[in-house]
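Asks:
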Amino acid sequence: MPVANIHVLAGHPRPVLKQLLREASAAFARAIEAPPERLQVWITEVDPELYAIAGEPADEVLQRMPRGQAEIPLIRMALMEGRSTEMLHRVMADLSEVVARVLGGDPRRVRVQIDHIHPDRWAIGGVPASRARAAELAARAASQATA
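Just so you know, UniProt numbering puts 141 at position 141 of the sequence shown, and the rest follows in order with no gaps.
(1) Could you give the C-beta distance for A78 and D47, rounded to a whole number, given that I count them as a contact under 8 Å?
(2) Tell me which residues share the same chain as D106 and place their Cβ nearer than 8 Å to its Cβ, disregarding the 5 neighbours each side in the sequence.
(3) Which residues share a DSSP beta bridge with R111?
(4) Ends of the beta strand (DSSP E) at A4?
(5) Suppose you measure from the CA of A27 to the CA of Q113; what does that come to, to the nearest Å?
(6) According to DSSP, simplified to helix, strand and coil, what is A147?
(7) Express the C-alpha separation of L62 and E86 in angstroms, rounding to a whole number.
(8) Tell me whether A123 sits in a helix, a strand or coil according to DSSP, three-state version.
(9) Classify A26 as helix, strand or coil using the three-state DSSP reduction.
(10) State the DSSP-derived secondary structure class of L39, mapped to helix, strand or coil.
(11) Rounded C-beta distance between R111 and I72? I'm assuming under 8 Å.
(12) What residues match up with T44 in a beta bridge as DSSP calls it?
(13) Put P57 into one of helix, strand or coil per three-state DSSP.
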């Protein structure tokens, strides 16, 4: 269920964005202690003409300022309720570092928003996560008991 959407200004080279997907996905999985196959990360590119930095269109700001000093990447995550504050702080710090390093910016410019989702308000294949996860955890426990 864990998902992350990284919003950046359009114009980064595709290989850089693909590397960001790889590294952000790995950091995300480590930080929240989740199997990588359970999470999704995607990038949304925003047109610099339709993005304001300090009240000015970003395409104009980028003409006089390096991208790494101007851009403010935004990471929005949806996570099931129940993770510790320490874990949330770790994922915010780790993903900020990865985004800044891969894109060549300052981690202090990265913004992170975590939306907590109650398991009854998220569906997996049309089944509330509260039910789907309970069945999955029971199956995993049974499998470990027989192993």
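Even glycine gets a Cβ: it sits at the ideal position worked out from N, Cα and C.
Computed from a prediction, not measured in an experiment: that's the story for all the values here.
Replies: The structure says:
(1) 24 Å between Cβ atoms; not a contact.
(2) G68, Q69, A100
(3) L74
(4) 3 to 9
(5) 16 Å
(6) coil
(7) 36 Å
(8) strand
(9) helix
(10) coil
(11) 6 Å
(12) H7
(13) strand
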